[in-house]
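K.L.:
I have a structure I would like to understand better, so I am pasting it below and will then ask my questions one at a time.
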Amino acid sequence: MKIVVCIKQVPERDARLRIDAGGASIVETDVATEINESDQYALEAGLRLAETEGMGGEVVVACLGSDRAEEAIRRALAMGASRAIHLSDPAFQGGDAAATGRALAAAIEPEKPDLVLTGLQSDDAGWAQTGVIVAARLGWPSATLIMEIEPPKDGRIKVKRELESGWFQWVTLPLPAVLTIQSGINTVRYATLKGIMGAKKKGVRKLAPADVGVDGGQIGKAGRKVEVTRLYVPEKAKGAELIEGDAAGAAATLVDKLQKEAKVL
Amino acid sequence: MAGAVWAVTEVGANGLKGVSNEVVACGQKLAATLGKPLEAIVIGAGARAAAEKAAGKDVAAVRLIDEPALDPYTPDAFTATLRQAILAEGPELVLFPHTYQVRDWVPRLAAELDAGFVSDVIEHRVEDGRAVFVRQPYQGKLNADCVFASGGPHLASLQSGAYLASDAADGQAPAAIVDQAVDLSGVEIRTQVLDTFQEVKDKVDLSRAEVIVAVGRGIGKQEKIGIVEELAKALGGQLAASRPVCDNEWLPMDRQIGSSGQTVAPRLYVAVGISGAIQHLVGMKNSGTIVAINKDANAPIFAISDYGIVGDLFEIVPALTEKVKEAKGAA
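Structure below.
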């Protein structure tokens, strides 16, 4: 069984973000990065499925991002993926979910996987669209917010979807299919030293638009249907009254305010 | 109607979902500013009662798509349904609630229509006759102004709670309900739904709690949760958590606040080590008084809090527990 896992490199959760001179994107060159959280869970889910006995599985990583994203790719390879395709050409970058989904689908198609996994949304752009758009472009079914996956049987895969307010749903889909994975589906493994060493020798194929057969006008900035015109720090409409002092002092002030101002104690 | 604004509602087991009126409220504002008619869209097998409810709002018409193939929900049937309706009627702007269900099928609809889709919108304005939608990327740390870079139809989904359902104005008379014809006979429905169920049967109902103390990722490890539990006890409140804490199984899922957990509005909500991802905020932002304790002064939780203490929660929480006990003892 061949599984493609789409991963994205994103700024670390606590990273300080700076807006660039153009005012519509962040400065990416010096920001600390990691693999997008739900993509890590997707990768783990893919590896577990591939390692299931009798599955004969292989996990291939797909990543759209700058040359720097190779750090994320190497980490995924260290965790156990066998090789990677990297849509690294600058023409792929700056797209919205429509452009990114189209490029990824075109790069994945010749791989002829049985299953594509990715996180339900990215921690940076957060569109929560790309996985489903990849499915639509491939003409495959999809299911989102997956919390459990059973090994496929008779060409169908059974998965548990998370609905809202504590509700869940079991559904089956015919393969090939795309699943977007919810955080918390499993416990993500750490890369071992052996894995890290081995990852250096694994193949990463860099791709340009011509390699995947997409028109330059349909990908990256040129292909986007939604344009971010301005990125800015939100004005804090309400904003907390910040209480200063050491722990005991601040605690005493807070209790006083909760009693006398807010009247909730 | 060609050029109309559509407010796509969502129908659940108990009829028209509350978020539907949030979409209608936004749609009314946008339609008025843009000078376009607003139509409410109701999709679902046996959804006529929901359509009648939607028709009570101030909308030009309700379009009802009531087909047996729409029950149970599947992305294939819903996508085909609305794609056909959009191609037949030509709306300019189609609004959705940013629910889990919408995330499951509307990106597919956008791809099939080759349409732009701005998801998880928190507010809008109209500049030079075109809508600008604001969303919050980077976990709510930044705002992004978004415009459509291609021709219509344009799709947008609205974050839960961003618009008030109570702002959806009633009409003077019920709006006409139009049966929108679609042909699903050629549509292959590939998803098979086996079972829909609630995971936790005897779950803790946090929605009735007067005081909630919620703990987040900042607690670091399960063994430390005790200090937060002590504070909850001292305040006479319930202990709750953000998603990462439940994902790590440090607390059970039925203690989770947020879009995938419970929605609460207690008199007092204390957020400990919670940065304030949107998924958490939607579950608690209507609380009476909100207190945040976090090491990062830039954490989004402070923006919606009344009081904040920036610092080490492992020092502040035990100190606060002591002061609360003293205050309660004196009262």
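Residue numbers (numbering that gives the first Met the number 0), protein chains in the order written: chain A, 0 to 264; chain B, 0 to 330.
Just so it is clear, CB atoms sit at the ideal spot from N, CA and C, and this is done for glycine as well.
(1) Take the Cβ of A:VAL133 as the centre, count every other Cβ of all protein chains shown within 10 Å, and call the residue buried at 16 or more, exposed below.
(2) Looking at the unbroken alpha helix (DSSP H) that takes in B:LYS52, where does it start and where does it end?
(3) Since A:PHE167 meets chain B, which of its residues come closer than 8 Å, beta carbon to beta carbon?
(4) Could you name each continuous beta strand (DSSP E) segment of 3 residues or more that falls completely within the region 103-169 of chain B, going from the start of the chain to the end?
(5) From A:ALA14 to A:VAL30, what distance separates their C-alpha atoms?
(6) According to the neighbour-count rule (16 or more other Cβ atoms, all chains shown, within 10 Å of its Cβ), is B:VAL333 buried or exposed?
(7) Between the region 203-233 of chain A and chain B, which residues of the former have CB atoms less than 8 Å from a CB of the latter, in chain order?
(8) Flag this pair as yes or no: are the beta carbons of A:GLU110 and A:VAL203 separated by less than 8 Å?
(9) Measuring alpha carbon to alpha carbon, tell me which of A:PRO89, A:VAL263, A:ARG67 ends up nearest A:GLY216.
(10) Can you find the residues in the same chain that come closer than 6 Å, C-beta to C-beta, to B:ALA3, ignoring five residues on each side of it along the sequence?
(11) B:VAL210 by DSSP, collapsed to three states: which one?
(12) Express the C-alpha separation of B:ALA68 and B:LEU183 in angstroms, rounding to a whole number.
(13) Based on the DSSP output, what are the partners of A:ALA30 in its beta bridges?
(14) Among the candidates B:ALA53, B:TRP5, B:ALA6, B:LEU280, whose CA atom is the shortest distance from the CA of B:ALA172?
(15) Against chain B, with Cβ distances strictly below 8 Å, would A:PRO140 count as a contact?
(16) Would you list the residues sitting across from A:THR179 in a DSSP beta bridge?
(17) B:VAL263 and B:LEU234: beta carbons closer than 8 Å?
(18) Going by other Cβ atoms of all chains shown within 10 Å of its Cβ, with 16 needed for buried, is B:PRO251 buried or exposed?
(19) Buried or exposed: which applies to A:ARG67, given that a residue is buried once 16 or more other Cβ atoms fall within 10 Å of its Cβ?
(20) Would B:VAL210 and B:ILE218 be called neighbours here (beta carbons separated by less than 8 Å)?
(21) Which runs of the beta strand (DSSP E) spanning at least 3 residues fall entirely within the region 15-89 of chain A, listed in chain order?
(22) What ranges does the beta strand (DSSP E) occupy inside the region 131-176 of chain A, keeping only unbroken runs of at least 3 residues that lie completely in it?
(23) Going along chain A in order, which residues have a C-beta closer than 9 Å to the C-beta of B:ALA114?
(24) Report the rounded CA-to-CA distance for B:VAL58 versus B:SER159, giving the unit in angstroms.
(25) Hey, does A:ILE132 have any beta-carbon neighbour from chain B nearer than 8 Å?
(26) Compare the beta carbon distance of B:ALA56 and B:ALA167 with 8 Å and say whether it is the shorter of the two.
(27) Along chain B, in chain order, which residues have C-beta atoms closer than 9 Å to that of A:VAL115?
(28) At the level of alpha carbons, what is the spacing between A:LEU103 and B:ASP178?
(29) By the 10 Å Cβ neighbour count, where 16 or more other Cβ atoms means buried, how is B:PHE147 classified, buried or exposed?
(30) Reducing DSSP to helix, strand and coil, say where B:LEU94 ends up.
(31) Please say whether B:ASP127 and B:VAL341 have beta carbons closer to each other than 8 Å?
(32) Quick one: what does DSSP say B:LEU250 is sitting in, helix, strand or coil?
(33) For A:LYS256, report the span of its alpha helix (DSSP H) as first-last.
(34) Enumerate in chain order the residues of its own chain whose CB-to-CB distance from B:ALA44 is below 6 Å, with the five nearest sequence positions on each side excluded.
(35) Under the rule that 16 or more other beta-carbon atoms within 10 Å means buried, what is B:GLU9, buried or exposed?
P.N.:
Working from what's here:
(1) buried
(2) 47-53
(3) Residues of chain B passing the Cβ test: THR195, PHE196, GLN197, GLU198.
(4) 115-126, 129-134, 142-147, 153-157
(5) 7 Å
(6) Nothing can be reported for residue 333 of chain B, as the shown portion of chain B is limited to 0 through 330.
(7) Shown in chain order are the members of the region 203-233 of chain A whose Cβ falls below 8 Å from a Cβ of chain B: ARG223, LYS224, VAL225, GLU226, VAL227, THR228, ARG229, LEU230, TYR231, VAL232, PRO233.
(8) no
(9) A:PRO89
(10) LYS35, PRO36, GLU38, PRO90
(11) strand
(12) 7 Å
(13) According to the sequence shown, residue 30 of chain A is Val rather than Ala. Answer is none; A:VAL30 lacks a bridge partner.
(14) B:ALA53
(15) yes
(16) A:THR117
(17) Their beta carbons are not under 8 Å apart, which means B:VAL263 does not touch B:LEU234 by this criterion.
(18) When all chains shown are included, B:PRO251 counts as exposed.
(19) exposed
(20) no
(21) Fully enclosed beta strand (DSSP E) runs of 3 or longer: 32-34, 57-63, 82-86.
(22) With a minimum length of 3 residues, the continuous beta strand (DSSP E) runs that stay inside the region 131-176 of chain A are 141-148, 155-161, 166-173.
(23) ALA97, LYS224
(24) 21 Å
(25) yes
(26) Here residue 56 of chain B turns out to be Lys, not Ala, going by the sequence shown. Yes, they are a contact pair.
(27) Ordered by position in chain B, no residue passes the 9 Å Cβ test against A:VAL115, which lies about 14 Å from the chain.
(28) 39 Å
(29) Buried.
(30) strand
(31) What the structure shows of chain B is the stretch from 0 to 330, and residue 341 of chain B is not part of that stretch, so it cannot be assessed.
(32) coil
(33) Start and end: 246-259.
(34) Taken in chain order, the residues that qualify are PRO67, LEU69, ASP70.
(35) buried
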